[in-house]
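Residue numbers (my numbering): 641 to 818. Positions of the beta carbon are idealized from the N, C-alpha and C atoms, including for glycine. One structure below.
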């Protein structure tokens, strides 16, 4: 595969005619740089930290994360669970007026988040989360006393109260720093 230089910098493959660059001016285009940024994301580095350390724009780090998430497949560790705890938390996006809710299902026996759903604090969001759990066999859903949970979850498999949600509350406090 012989390459030759055209107009100064680009290299072109003589067999496939694809152009390449020896050195990238835009650091976000370099594959090695993208791999490094992905490793930093996996190790829980913040987007601003990645931008500062690698010299790429913060939006470039966001694009890399978005592209990678689309490629991932989500597989549960088990097909059946004795108990699944569901909780909600919120975050403000850009301003206090833009409150976003995250509902998620947690399996304490495997320390695994089974599903999550962003949305408003309504029964429709709970329903979207519940649909993600359809393929799993779950014996008991444990939640706090929020009416939307009672409206969507099957009553015979639904336990309401703080005693049933202690693991998810502890995991949330540890993970999200409440």
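Straight-line gap, residue 696 to residue 707 (C-alpha atoms, nearest Å): In the chain shown, counting from the first residue as 1, residue 696 sits at position 56. In the chain shown, counting from the first residue as 1, residue 707 sits at position 67. Distance between the alpha carbons of residue 696 and residue 707 is about 16 Å.
Three-state secondary structure assigned by DSSP to residue 714: Against the chain shown, residue 714 aligns to sequence position 74. Residue 714 falls in the coil class under three-state DSSP.
Other residues of its chain near residue 693: CB distance less than 8 Å, five sequence neighbours each side excluded: Stepping through the chain shown from its first residue, residue 693 is reached at position 53. Only 680 and 685 meet the Cβ criterion.
Assigned exposure category for residue 803 - 16 Cβ within 10 Å defines buried: One-based indexing of the chain shown puts residue 803 at position 163. Exposed: under 16 other Cβ atoms inside 10 Å.
Member of 762, 763 and 767 whose CA lies at the smallest distance from the CA of residue 755: Start at 1 with the first residue of the chain shown, and residue 755 comes out as number 115. Taking residue 755 as reference, the option from 762, 763 and 767 with the minimal CA-CA separation is 767.
Identity of the residues DSSP links to residue 755 by a beta bridge: In the chain shown, counting from the first residue as 1, residue 755 sits at position 115. DSSP, once it has assigned bridges, lists 745 as partnering residue 755.
Nearest neighbour of residue 783, chosen from 777, 797 and 709 [CA to CA]: In the chain shown, residue 783 corresponds to position 143, counting from 1. Nearest of 777, 797 and 709 to residue 783, Cα basis: 797.
Reference residue 715; option with closest CA among 676, 732, 752 and 762: On the chain shown, residue 715 is found 75 positions in, with the first residue counted as 1. Answer by Cα proximity: 752.
The stretch 736-744 contacting the stretch 756-763, beta-carbon criterion three pairs below 8 Å: yes
Cβ-Cβ distance between residue 780 and residue 718 below 8 Å: Within the chain shown, residue 780 is the residue found at index 140, counting from 1. Within the chain shown, residue 718 is the residue found at index 78, counting from 1. No. Outside cutoff.
Burial state of residue 733, where buried means 16 or more other Cβ atoms lie within 10 Å: One-based indexing of the chain shown puts residue 733 at position 93. With fewer than 16 other Cβ atoms within 10 Å, it is exposed.
Burial state of residue 725 (16 or more Cβ within 10 Å): What you label residue 725 is simply residue 85 of the chain shown in a count that begins at 1. By the neighbour-count rule (16 or more Cβ atoms within 10 Å), residue 725 is buried.
Limits of the beta strand (DSSP E) - the one that residue 727 falls within: The residue you call residue 727 lines up with position 87 of the chain shown. Note, residue 727: beta strand (DSSP E), 720-732.
Burial state of residue 644, where buried means 16 or more other Cβ atoms lie within 10 Å: What you label residue 644 is simply residue 4 of the chain shown in a count that begins at 1. Confidence at residue 644 is low in this model, with a pLDDT of 43, below 50, so the placement of that residue is unreliable and no value is reported for it.
Between the CA atoms of residue 795 and residue 690 - distance to the nearest angstrom: Position 50 of the chain shown, counting from 1, holds the residue named residue 690. Position 155 of the chain shown, counting from 1, holds the residue named residue 795. A direct Cα-Cα distance of roughly 46 Å separates residue 690 from residue 795.
CA-to-CA distance, residue 745 to residue 823, given in whole angstroms: Absent from the model: residue 823. The displayed extent of the chain is 641 to 818, so no value can be given.
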